[in-house]
Amino acid sequence: MKKILLIFFTLIHFLPFKLDAQNFSNRVEEILQDSLFQSSQISVDVYDLTNREYAFRKNENLLLHPASNMKLFTTAASLLYLGIDEKFTTNFLYTGSISDSVLNGDLIVQGGFDPLFIDTDLDSIVVILKEKGIKKINGNLFADISNNDSLYFGRGWMWDDNPNSYMPYLSSLNINRNSLIIYYEPAGIGEIAAVKFEPESSYYTFENNLITTSEDTSNIKITRDWLGERNHVFLEGDISHKKGIDSVKVNIKYPHLYFLHLLSERLIENGISFYGQLNILYKKTEYDTLYHFNRNLFEVIKETNKESDNLCAEMLLRKLSRKYFNSSASAKKGLQLIDSLIIKLGRKPKDFVFADGSGLSHYNLISSSLIVDLLKYIYFEYPSIYGYFFDSLPIAGVDGTLEKRMRNNKAYNSIYAKTGTISGVSTLSGYAKTENENLFAFSILIQNFAGSARIARNIQDKICNILAGYK
């Protein structure tokens, strides 16, 4: 009798976990009965890192577009192969000599793939010049982009995504995310709308034909002349007198020249005379050093994952290329390091397609099982970089691209995951902390739906809510 009771109580002790595990699987299956999947595809993989077992799998080897989940591979490879102490260095160099407050020579800016350099960072350069007593540059400004190839877009990027700022022109010398912000608001009825550009510069031009009306609705079109390959902005249509201030962001072509224009304007604004030309260098030459502007690797990785920044991801890929191949950086060479990472996962690169570092390309094809393998690998094999990797991910309901999702359920502050969205694709992959303090790795890839990604995101959020409550 005692033996029977012992067995009974032992079963009772373990029964809740087993029932809840089965319940988790059943509840996820119920969600996947949604009518969305009558015409769309889904790939799901969920792994319990604490107990080292799979909790749920569905079409886990199906090849789908990862969208920005591709950034998980780019950032992981960067942490692994570049190291957390790596810097993005923009070099400010010069020729000639400095005497009597005059730089008798050229000022050269050598791109270092820094994607987060902004116009206010140029203040550091102005300070250095002033500290050296320079009041005049008797030469030209050059952008040295010899360390990068000539391709300014990624392979498989959609031509009609231009001029959206999420598809930035690529260079080793970047500024202001290679974009321009246009603020606009109504004026008096019948008048041209008020506009402001950030940053202000002579590098671009614009035409403002946006008229303020007495109507309740607006019909606004703001774009850049990307077909004519000009940095010329058009504002057209009608803006309601009731509309408040708003903004739109467009990409800018030839970001290295954009950089030089902003630099020359900043110099003049601060009393440093400059009357020379703005030019490009495609061949590296040795110069004297004026200043090194450094940015930490983790700052770029965090922006890549938290905010899903495409420029950051592409610069990481080229940084990988530049470090391991002593030639002009390229996405193709950088992707060889991604292939190396895939081999470390015990998988074959030829079984997948990697086209860029950001996931903007529709050529990318991977599976949820590959993503979970990556998440497992970083967690188990590289605890030294796992913390940085984990901390770079958006937190449900708290920050990044998940700030406005899963605010009012168990997933709040428990899901640490990378989002992904391109046309017809919605993805979410990362880590989950559950009610019983277990840690899970998961990936949910949804593809081939029409219209908004809202329904797909809701399905992902429901699965995450169940996962966060897993016991």
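For the sequence shown, the working numbering begins at -2 and goes up steadily by one.
For glycine and all other residues, C-beta sits at the position ideal for the given N, C-alpha and C.
Under the three-state DSSP convention, the category residue i falls into
i	result
His289	strand
His229	strand
Phe386	helix
Glu434	coil
Gly93	coil
Phe439	strand
Phe6	In this prediction, Phe6 scores a pLDDT of 44, lower than 50, which makes its location untrustworthy; the coordinate-derived value is nonetheless stated afterwards. Residue state, collapsed to three classes: helix.
Val422	strand
Val106	strand
Asn171	coil
Glu57	coil
Leu362	strand
Thr202	strand
Leu33	helix
Phe21	helix
Glu50	strand
Asp397	Looking at the sequence provided, one finds Gly at residue 397 rather than Asp. In this structure, Gly397 counts as helix in the three-state DSSP scheme.
Lys347	helix
Ile186	coil
Ala64	helix
Asp213	coil
Boundaries (first-last residue) of the beta strand (DSSP E) holding residue i
i	result
Ser355	Segment: none, Ser355 is in no beta strand (DSSP E) and carries neither H nor E.
Val41	38 to 45
Ile179	176 to 182
Thr282	It is not in any beta strand (DSSP E) - Thr282 carries neither H nor E in the DSSP assignment.
Arg221	216 to 221
Leu275	275 to 278
Phe472	The chain is shown only over -2 to 468; residue 472 falls outside these bounds and no answer can be derived.
Lys246	243 to 248
Asn101	99 to 101
Span of the alpha helix (DSSP H), counted from its first residue to its last, around residue i
i	result
Leu464	451 to 465
Lys299	294 to 303
Gln333	328 to 341
Thr72	67 to 78
Val124	119 to 128
Lys316	307 to 321
Phe139	Careful: Phe139 lies outside any alpha helix (DSSP H), inside the beta strand (DSSP E) at 138 to 141.
Ser365	365 to 378
Ile265	252 to 266
Reference residue i, options the options, closest by Cα
i	options	result
Leu126	Asp146, Ser143, Phe150, Ser94	Ser94
Lys239	Ile186, Ile277, Lys250	Ile186
Tyr181	Ser237, Ile115, Ser169	Ser237
Ile463	Ser411, Ser420, Gly417, Ser364	Ser411
Thr47	Tyr376, Gly80, Tyr413, Gly394	Tyr376
Ala352	Ser324, Asn144, Leu362	Leu362
Ile242	Gly268, Ala190, Lys218, Thr286	Ala190
Pro112	Ile419, Phe256, Ser270	Phe256
Leu287	Glu27, Thr87, Ala447	Thr87
Ala438	Gln444, Lys430, Asn445	Lys430
Thr210	Ala184, Glu266, Asp82	Ala184
Lys246	Ala393, Pro160, Lys468	Pro160
Glu233	Ser215, Arg227, Gly130	Ser215
Ser449	Asn66, Thr418, Asn58, Asn267	Thr418
Asn276	Ser440, Pro252, Asn291	Pro252
Tyr413	Met403, Ser420, Gly421, Val422	Met403
Lys132	Arg263, Ser36, Glu83, Pro165	Arg263
Phe387	Thr72, Asp31, Ser22, Tyr279	Thr72
Arg454	Glu188, Ser440, Asp82	Ser440
Leu60	Ser22, Thr92, Val422	Val422
Leu90	Phe110, Ile122, Lys68, Phe70	Ile122
Rounded Cβ spacing between residue i and residue j (contact assumed at less than 8 Å)
i	j	result
Trp223	Ser358	Contact flag wrong, Cβ pair sits at about 19 Å.
Leu530	Gly273	The shown model of the chain, from -2 to 468, leaves out residue 530, and the question about it has no answer.
Lys316	Phe85	7 Å
Ala328	Arg152	7 Å
Gly108	Ser169	3 Å
Asn56	Ile28	With 8 Å as the limit, Asn56 and Ile28 do not qualify as a contact, their Cβ atoms being about 14 Å apart.
Ile460	Val25	6 Å
Glu296	Leu167	With a Cβ gap of about 19 Å, Glu296 and Leu167 do not count as contacting.
Contact between the region 362 to 382 and the region 426 to 440 (3+ Cβ pairs under 8 Å)
With a cut-off of 8 Å, the region 426 to 440 and the region 362 to 382 count as touching, because enough Cβ pairs lie within range.
Between the region 198 to 206 and the region 130 to 145, can you find at least three pairs of beta-carbon atoms closer than 8 Å?
The region 130 to 145 vs the region 198 to 206: no contact.
Counting beta carbon pairs with one atom in the region 26 to 44 and one in the region 297 to 317, are three or more of them shorter than 8 Å?
No, they do not touch.
With a threshold of 8 Å, are at least 3 pairs of Cβ atoms found where one atom belongs to the region 52 to 60 and the other to the region 16 to 31?
Inter-segment contact for the region 52 to 60 and the region 16 to 31 is present: three or more beta-carbon pairs are separated by less than 8 Å.
Counting beta carbon pairs with one atom in the region 317 to 336 and one in the region 72 to 89, are three or more of them shorter than 8 Å?
Three or more beta-carbon pairs drawn from the region 72 to 89 and the region 317 to 336 are found closer than 8 Å, and the two stretches are therefore classed as touching.
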